């Protein structure tokens, strides 16, 4: 296995002050049938309310995608006191790095997915919605085609400020005066467009921290714009389940065999997607 750690300040010169780190979990080429240059790469963005980066939603998830034959990369992005758009720029630079190095990892450059959990799901949704934002080119010199995900996997994501305002995510991302920040587009149900990539969405009915209405609002916006998606709402399970397997679960409540079905469903969904033509 190729296990590599890349400080973001070595990936992009305009992130020289970034403490973020991208970790690669990748299969080496051994001459197998799968070594045809057509693998998926998955950029994983753990949750943590933009205040921490949750370990259980990083490496265990990366190893699960790796076991499924996909190259996995987990990003420890900047959190508070860093504010918007720091983590967004780090995620964009990381995705551009994967696309630039696709051949090295045996990846199809048009099969790069972003997978985020909770606040990391919000960050993944930002990439899916705002990949053409001029901010990326202004701050990083990257073209929209460099940073656009080919698929988005949003796991119990924070989507709407109106539905998640009771938590710490908005203040951590935008500061205590976040209501006056003017960043309407970061309430992601408002900024979905017809050029969003296809999405895989899952959450639980019982989630009391980030209500399932967040996921449903995003699905409704995708439907409105004609963007295809898979949507799975499992009845049982609290917030922050990760894989919902014993390897991820902090306690028995976070281990749920039915909710754990999201990952094989996601893998089969990704495999069924045809590579998109460059935009």
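Residue numbers (this note's numbering): 6 to 284.
No residue lacks a Cβ here, since even glycine has one placed at the ideal position from N, Cα and C.
Computed from a predicted model, the values in this text were never measured in an experiment.
Check whether the region 88-102 touches the region 132-151, counting contact only when three or more Cβ pairs, one atom from each stretch, lie closer than 8 angstroms. The region 88-102 vs the region 132-151: in contact.
Burial state of residue 178 (16 or more Cβ within 10 Å): A residue is called buried when at least 16 other Cβ atoms come within 10 angstroms of its Cβ; residue 178 meets this threshold and is buried.
Which residues mark the beginning and the end of the alpha helix (DSSP H) in which residue 92 is found? For residue 92, the enclosing alpha helix (DSSP H) starts and ends at 91-105.
Work out the CA separation of residue 165 and residue 138 for me, nearest whole Å. About 19 angstroms.
Contact check, residue 201 vs residue 208, beta carbons under 9 angstroms: For residue 201 and residue 208, no; Cβs fall outside 9 angstroms.
Chain-order list of residues whose beta-carbon lies under 7 angstroms from that of residue 73 (same chain, five-residue window excluded): For residue 73, where only same-chain residues beyond five positions count, the Cβ hits under 7 angstroms are 272.
Using 9 angstroms as the threshold, is the C-beta distance between residue 59 and residue 265 below it? When the beta-carbon positions are compared, residue 59 and residue 265 stay at least 9 angstroms from each other.
With residue 274 as the anchor, note down where its alpha helix (DSSP H) starts and where it stops. Looking at the DSSP string, the run of the alpha helix (DSSP H) that includes residue 274 is 267-277.
Fully enclosed by the region 100-182, which alpha helix (DSSP H) runs are 4 residues long or longer? Within the region 100-182, complete alpha helix (DSSP H) segments of at least 4 residues are found at 124-135, 139-145, 149-152, 166-169, 174-179, given in chain order.
Taking 8 angstroms as the cut-off, is the CB of residue 43 close to at least one heavy atom of the ligand FAD? Questions concerning the ligand FAD fall outside what the structure shown contains, since it holds no ligand whatsoever.
Would you be able to state if there are at least three C-beta pairs under 8 angstroms between the region 16-24 and the region 35-54? By the C-beta criterion, the region 35-54 is judged not to be in contact with the region 16-24, since fewer than 3 inter-stretch pairs fall below 8 angstroms.
Enumerate in chain order the residues of its own chain whose CB-to-CB distance from residue 91 is below 7 angstroms, with the five nearest sequence positions on each side excluded. Closer than 7 angstroms at the Cβ level, and outside the excluded window around residue 91, lie 83.
Which class does residue 248 belong to by DSSP, given the choice of helix, strand or coil? In the structure shown, residue 248 adopts coil according to DSSP, grouped into three states.
Can you find at least 3 beta carbon pairs, one from the region 211-226 and one from the region 253-270, that sit closer than 8 angstroms? Output reads no: the region 253-270 does not touch the region 211-226.
Other residues of its chain near residue 196: CB distance less than 7 angstroms, five sequence neighbours each side excluded: Cβ neighbours of residue 196 beyond the five flanking positions: 134, 135, 190.
Please identify the residue among 173, 53, 76 whose C-alpha is closest to the C-alpha of residue 7. Closest option to residue 7, Cα to Cα, is 76.
Classification of residue 123 by the beta-carbon crowding that lies within 10 angstroms, buried from 16 upward: That one is buried.
Which residues bound the beta strand (DSSP E) around residue 29? That run of the beta strand (DSSP E) goes 26-31.
Reducing DSSP to helix, strand and coil, say where residue 257 ends up. It is helical.
What does the alpha-carbon distance come out to for the pair residue 93 and residue 214? Taking the straight line joining both Cα atoms gives about 23 angstroms.
Please report the residue range of the beta strand (DSSP E) in which residue 204 lies. In the DSSP assignment, residue 204 falls within the beta strand (DSSP E) that extends over 204-209.
Which same chain residues, not among the five before or five after residue 68, have their C-beta less than 8 angstroms away from its C-beta? Counting only residues of its own chain and dropping the five nearest sequence neighbours on each side, residue 68 has a CB closer than 8 angstroms to the CB of 30, 77.
Just the Cα atoms here: how many angstroms apart are residue 10 and residue 16? Going by the C-alpha atoms only, they are around 11 angstroms apart.
For residue 278 and residue 203, which I take to be in contact (beta-carbon distance under 8 angstroms), what is that distance rounded to the nearest angstrom? Taking 8 angstroms as the upper bound for CB-CB distance, residue 278 and residue 203 are in contact here, some 6 angstroms apart.
Quick check on this structure: which residue in 34, 236, 268, 175 has the alpha carbon closest to the alpha carbon of residue 108? Among 34, 236, 268, 175, the Cα nearest to that of residue 108 belongs to 34.
For residue 280 versus residue 151, is the C-beta spacing smaller than 9 angstroms? No, Cβ-Cβ distance for residue 280 and residue 151 is not below 9 angstroms.
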